[in-house]
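Working notes, beginning with the structure itself.
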Amino acid sequence: MSKKIKGRTAEILKAPRSRRKFLTQSAAATGGLAGILATGIAPAFAQQRELKVLVNSHFVPSSDEELLRQMKEFGKAEGVKVRLDRVAHLQLPAVLAGEIQGQKGHDVVVMRNADANLYSKHLVSLDGLYEKIGKAGGGWTNNDFGKGRDGKQKAIPWFFISFPIAIRTDLVSEIGENMPDTWDDVLRIGTKLKKKGHPVGIQLSHGADSNWILRGLLWSYGAKLVEKDSKTVAVNSKETVEAFKYIKALYNDAMESEVLAWDDRNNNVCLASGKCSMILNPVSAYRSAVRDNALIQGTQRPVHQVINHIMPPKGPAGRHMAASHQGVGIWKFSKNVEVGKKFLDYHFQADNADKHLHASAGYNQPLLKTHALHPLYASNAKYYFAPFIGWYTHAIGWPGVPTAASATIYDQYLLPDAAAAAATGKATPEEAVKKLEKQMKRLYGRFK
Amino acid sequence: MSSNEMTAMTTSSGELLAENKVPFWRLRKAFANYVALIPYLAFALFPFYIIFITSLKSKQEINNLGESPFWATGIAVENFTYLATNTSFFEHWMVNTLIVTTVSTIISVTVGILAAYALARLKFRGVELFGVAVFITYLVPQTLLFLPLIDVVNAIDDYIPIRDTYWSLILTYPTFLIPFVTWLLMGYFRTIPVEVEECAYLDGCSRLGALFRVVLPMAIPGIICAILFSYTLSWNEFLYSLVFIQDEHAKTLSVGVFTELIRGDIYFWGSLMAACLLGTLPIVILYGFLMDYYTSGLTQGAIK
Amino acid sequence: MVTATEVGGAATSPPLTFRSRLRRSVGPDTDGYFFVLPTVIIVFCLIIYPFGLAVWYSVSNAFIGEETHFIGLENFQYIIFEDDIFMLTVRNTLLFAAISVVVKVVLGLLCAMLLLRILKLRRFLRGAMLLPFVAPTALTTLAWWLILDPTYSHINWLFEHAWPFSLFDMGPYNFLGEPTLALSSVIFVNIWRGLPFFIITILAGLVSIPDHLYEAADIDGASTMDKFWKITLPLLRPVLAVIILFSTIFTLADFNIVYVLTRGGPMNETHLFATYSFTAGVLNHEIGLGAAIALFLFPIMVLTVIFLLRLVRRDSEYEL
């Protein structure tokens with residue numbers, strides 16, 4: 018019923034002059050105050066083409082600034098207006114939900130983890146672009162990321178965010194220990210340091226960090242949430258129980274109960290304030306300690322001098338850690354699909370991609386092979402881990418691929434909740450695992 | 004009883020006290036009253052003190068957990084300048100919030116006045132059902148509505164672009180304002196004697212004429228109360244603006260602050276608190292002027 | 005009650021014109037429909053239609069971005085019988101509303117009566133007290149978050165360093181991390197925010213109680229307690245009933261405080277209906293489930309309000 022009118026309105030809107038006329042007419046019709054206020058929506062009418070990009074607020078603000086600069090440069094060359102909107106990372110799902118529900122919104126959107134698979138239906142296929150960028154960049158380091166449910170590439174891999182241990186080297190050497198290499202080391206050293214008032218800080222809460230770190234822990238214990246087919250729930254195993262038992266021990270002996278209430282910021286603060294001895298976090302914790310020039314309590318010594326990054330710990334099944342993978346996709350309902358593709362092409366040119374990596378101060382890590390050994394990582398000894406951590410990191414859904422179901426498990430924080438229940442003794446590790454399995458099976462059942 | 008009478012009464016009893024010689028035990032008792040209120044005042048104002056003092060601290064000072072959080076060693080304006088230079092706090096968020104609250108308040112109170120008047124005075128079939136319906140809609144939780152409302156906003160957006168502008172909020176805020184305003188004003192209108200309208204009709208006023216010339220002037224405390232309430236509710240609104248608006252320039256205050264100053268794992272506490280401080284000021288000033296009407300309007304309208 | 009139109013000379017004479025027949029069937033004030041028309045339109049488009057849509061969602065497997073199918077009462081079945089978070093949510097919401105309303109009434113009465121005895125500075129004090137109520141909740145809750153935050157907690161700092169507290173070995177308390185404490189913190193902040201509304205309204209109610217009643221009671225030799233129970237409270241009951249009604253509605257549907265302070269954590273122990281349905285419907289994409297959860301609140305609200313409205317009706321007899 019509405020198609021006809023839609024078409025006509027669209028026609029009116031296309032011609033700039035009649036558009037203006039329409040605007041004044043409608044303003045006159047509504048009259049008075051409403052008319053004055055209608056000028057507020059005038060820009061929305063007047064723009065011919067606008068490329069709207071949505072990202073989550075980057076943890077290193079200068080990264081967003083560089084992105085916007087590139088957008089503006091691109092817009093000037095192409096004669097399109099550009100707009101970059103940012104939302105806090107915890108609010109991103111709500112915003113994406115709203116856009117899909119209404120089939121309206123931005124053109125280019127950030128697709129984290131398995132979002133591209135989850136929203137597969139609503140994203141355009143970027144197969145050609147994926148191949149082109151990949152070829153120019155020496156190939157992708159992870160070929161599973163960004164695939165839709167139809168097997169097409171629905172998001173261009175952008176960067177990953179890794180979770181090394183950020184550790185207070187001075188505290189570890191004070192107790193005469195070496196840097197922890199295994200999860201058992203973390204527990205032993207953590208227990209000792211907690212007694213001196215420097216606990217370990219790993220969130221067991223509804224935060225992104227918690228989701229990633231706990232996945233890494235499970236994997237290094239040989240446990241997995243799903244089989245390699247990405248369909249069979251495989252969480253109920255004795256490895257998972259072992260991992261949960263470890264978490265319980267770590268929570269009781271090396272951590273404080275405040276980790277239950279933490280969000281993604283608290284571990285940074287805990288480290289920068291000099292309280293925590295080690296956390297697992299991207300380099301932003303170190304970066305903010307540098308930027309705020311936080312001092313070790315009672316001294317004039319900047320705490321960032323004694324923070325270093327080391328590889329995530331090894332478990333009985335090897336060294337594994339989860340990494341947040343970010344990609345960019347284009348909504349199917351976007352009216353600027355071609356412009357969007359052009360922009361992505363522009364943004365992923367070696368030169369621009371390089372600048373974007375630079376602007377994030379080591380936080381964004383490349384998924385293109387040519388960027389892997391970025392000179393930035395050689396500029397600071399504290400980034401030495403960066404080129405190699407990719408060897409040990411996987412996207413969610415591992416050992417399978419990131420799927421819609423795995424995204425839902427992630428978004429619902431099922432793993433952190435189960436781990437917290439086991440750690441606090443609200444449930445035994447076995448019970449927690451069983452419950453987790455039940456919850457997971459319900460959601461995996463949806464996507465069969 | 005109007006607010007004037009009320010204040011008159013309190014001042015007269017106050018004068019009474021002052022005229023008689025106040026015995027010492029009375030003074031002591033009065034003093035005890037003030038002292039007894041101190042704990043509550045401290046409780047009520049404590050967060051505002053924290054907001055104020057934190058907004059004056061530098062980043063380094065906030066993150067220094069060893070120092071007293073209750074005192075700032077210096078006055079840092081960096082948080083305020085950050086708001087002004089790095090965010091759209093003043094030029095957009097504040098302005099948007101003002102526009103949205105003002106317009107949706109005007110709409111809701113106008114529509115509410117008409118409906119409340121009909122409910123309080125007019126007799127027609129279905130009026131009671133209408134009254135019940137208005138009240139029940141007031142109980143529909145916002146969280147239930149916002150997902151379907153996205154569909155409604157999008158349907159309208161096909162014809163008039165309101166998505167991602169404050170118009171979507173102006174359109175949706177009345178959903179929780181009108182039922183409330185109607186209900187409040189209905190009670191207030193009932194306190195006004197019918198006779199005054201009858202006189203107006205005898206003088207040849209039309210229904211609307213009587214409403215505007217006779218009833219409304221007598222209902223000013225009630226209306227101001229409704230305005231203030233609508234203003235507070237829309238100034239406070241968070242959920243709809245979180246979902247309907249992503250354009251940084253179209254955001255309202257609370258959502259703008261929440262989404263732009265909390266960046267991943269970094270919180271700009273100083274600027275957050277500076278924003279809290281500045282975002283609270285306008286509404287506090289409004290209340291400062293209209294407080295008396297507010298209280299009398301609320302009690303009058305409410306008890307009928 | 006004499007209606008205005010009758011006075012205005014509405015015809016009720018025998019010849020049944022169309023207008024008078026209309027009048028007879030719909031009542032004397034046909035223009036009433038025009039008065040309520042805007043409200044009806046807005047309520048229908050923006051509340052009743054979305055409400056219907058939400059009811060449809062609740063019996064469907066609606067999932068963001070996926071096709072929607074009718075699944076009957078499966079969602080309700082799931083939340084009632086399988087979802088232990090939902091049971092926690094029901095418990096929390098009822099505790100949250102009951103405790104905070106009761107505390108607000110008691111403290112509200114206390115503070116209002118204190119304030120009534122204060123003559124100087126009353127306006128100023130009243131204004132200062134109202135601050136928590138008028139300041140934007142999302143922003144002030146951020147301040148509470150800073151105060152209660154596990155890492156920054158100002159209160160723990162006070163317990164550790166400030167004089168009278170530092171003598172006792174108190175804390176540090178995990179205000180937002182320990183389930184019971186976290187729920188208490190949320191209730192505490194709700195009380196902080198809602199109490200001024202109670203104080204100010206009760207104060208206005210107290211002021212309107214005529215002095216001569218107390219004077220008469222004095223002559224009869226009534227004690228302070230007697231006066232409170234026999235005069236103050238009965239006369240305040242209509243006001244109390246109304247603010248309790250308001251407050252219950254706001255508290256039951258509260259979103260901001262929990263969303264900002266705990267986001268339902270730790271371990272989903274502090275969810276309220278609003279936050280849990282937002283979490284399920286939006287963050288977890290399961291719109292159907294979210295709608296079913298939110299829909300559950302509706303009958304609870306209606307029952308509570310009917311109960312409270314009965315109180316108001318009964319109490320209007322006390323009016324002077």
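In order, the protein sequences belong to chains A, B and C.
Heads up: the first sequence is residues 18 to 465, going by the numbering used here.
Heads up: the second sequence is residues 4 to 307, going by the numbering used here.
Heads up: the third sequence is residues 5 to 324, going by the numbering used here.
No residue lacks a Cβ here, since even glycine has one placed at the ideal position from N, Cα and C.
Quantities reported herein were computed from a predicted structural model and do not represent experimental measurements.
Query: Selected residue, minimal CA-CA separation from T104 (chain B), among B:F27, B:L174, B:F46 and B:A118; Result: B:L174
Query: Status (buried if at least 16 other CB within 10 Å, exposed otherwise) for T158 (chain A); Result: buried
Query: Closest Cα partner of K126 (chain B) within the set C:I206, C:L152, C:L118 and C:V30; Result: C:V30
Query: Simplified DSSP state of Y270 (chain B), which is helix, strand or coil; Result: strand
Query: From C:M91, C:F22 and C:P32, residue whose alpha carbon lies closest to that of I297 (chain C); Result: C:M91
Query: Same chain, Cβ closer than 7 angstroms to Y147 (chain A), five either side skipped, listed in chain order; Result: Q170 and I173
Query: K265 (chain A) versus G442 (chain A): straight-line alpha-carbon distance, rounded; Result: 8 angstroms
Query: Inter-residue Cα distance where the pair is A61 (chain A) and I313 (chain A); Result: Any answer about A61 (chain A) is weak, because its pLDDT of 42 lies below 50 and its placement is not dependable; what the coordinates show is given next. Spanning the two alpha carbons is a distance of roughly 51 angstroms.
Query: Nearest-angstrom Cβ-Cβ length linking T274 (chain C) and A147 (chain C), presumed shorter than 8 angstroms; Result: Incorrect: roughly 19 angstroms between the Cβ atoms, too far for contact.
Query: Residue range of the unbroken alpha helix (DSSP H) whose run includes Q456 (chain A); Result: P446 to R463
Query: Cβ pair count under 8 angstroms reaching 3, the stretch 189-196 of chain C against the stretch 279-296 of chain A; Result: no
Query: DSSP beta-bridge partners of A226 (chain C); Result: In DSSP, A226 (chain C) forms no bridge with anything.
Query: Euclidean distance between Cα positions of L125 (chain C) and F49 (chain B); Result: 19 angstroms
Query: Separation of A403 (chain A) from P181 (chain A), as counted between CA atoms; Result: 9 angstroms
Query: Runs of alpha helix (DSSP H) lying entirely within the stretch 209-293 of chain A, each at least 4 residues, in chain order; Result: 225-237, 255-271 and 283-289
Query: Cβ contact (3+ pairs, closer than 8 angstroms) linking the stretch 350-365 of chain A and the stretch 428-446 of chain A; Result: no
Query: Check whether S111 (chain B) and V156 (chain B) have beta carbons under 8 angstroms apart; Result: no
Query: Neighbouring residues, chain B, relative to D33 (chain C) (Cβ below 7 angstroms); Result: L125, K126 and F127
Query: Partners in chain A for K62 (chain B), counting only beta-carbon separations shorter than 7 angstroms; Result: D309
Query: Stretch-stretch touch, CB-based, cutoff 8 angstroms, three pairs: the stretch 133-140 of chain A with the stretch 54-73 of chain C; Result: yes
Query: Given 8 angstroms, three or more beta-carbon pairs between the stretch 87-107 of chain C and the stretch 228-246 of chain C; Result: no
Query: Per DSSP, cross-strand counterpart(s) of M128 (chain A); Result: A:G344
Query: Three-state secondary structure assigned by DSSP to Q366 (chain A); Result: coil
Query: Cβ pair count under 8 angstroms reaching 3, the stretch 322-337 of chain A against the stretch 96-105 of chain A; Result: no
Query: From A:L221, A:L71 and A:A183, residue whose alpha carbon lies closest to that of V203 (chain A); Result: A:A183
Query: Short CB-CB distance (under 8 angstroms) between G332 (chain A) and chain E; Result: In the displayed structure, chain E is absent; the protein chains listed are A, B and C.
Query: For W74 (chain B), the first and last residue of its enclosing alpha helix (DSSP H); Result: Taken as a continuous stretch (DSSP letters only), W74 (chain B) belongs to no alpha helix (DSSP H), as it is neither H nor E.
Query: Interface flag, M133 (chain C) vs chain B, CB-CB below 8 angstroms; Result: yes
Query: Option nearest H158 (chain C) by Cα separation, candidates B:C279, B:A35, B:I54 and B:L281; Result: B:I54
Query: Closer than 8 angstroms to chain C by CB, I56 (chain B); Result: no
Query: Partner residues on chain C for F46 (chain B), Cβ-Cβ distance less than 8 angstroms; Result: W196
Query: Option nearest T146 (chain B) by Cα separation, candidates B:E81, B:T57 and B:F241; Result: B:F241
Query: Buried or exposed by the 16-neighbour rule on C-beta atoms within 10 Å, applied to N195 (chain A); Result: exposed
Query: Contact residues within the stretch 27-44 of chain B, judged by C-beta distance below 9 angstroms to chain C; Result: K32, A33, N36, Y37, A39, L40, Y43 and L44
Query: Test item: CB-CB of S274 (chain B) and L264 (chain B) under 8 angstroms; Result: yes
Query: Distance, S281 (chain C) Cα to H216 (chain C) Cα; Result: 52 angstroms
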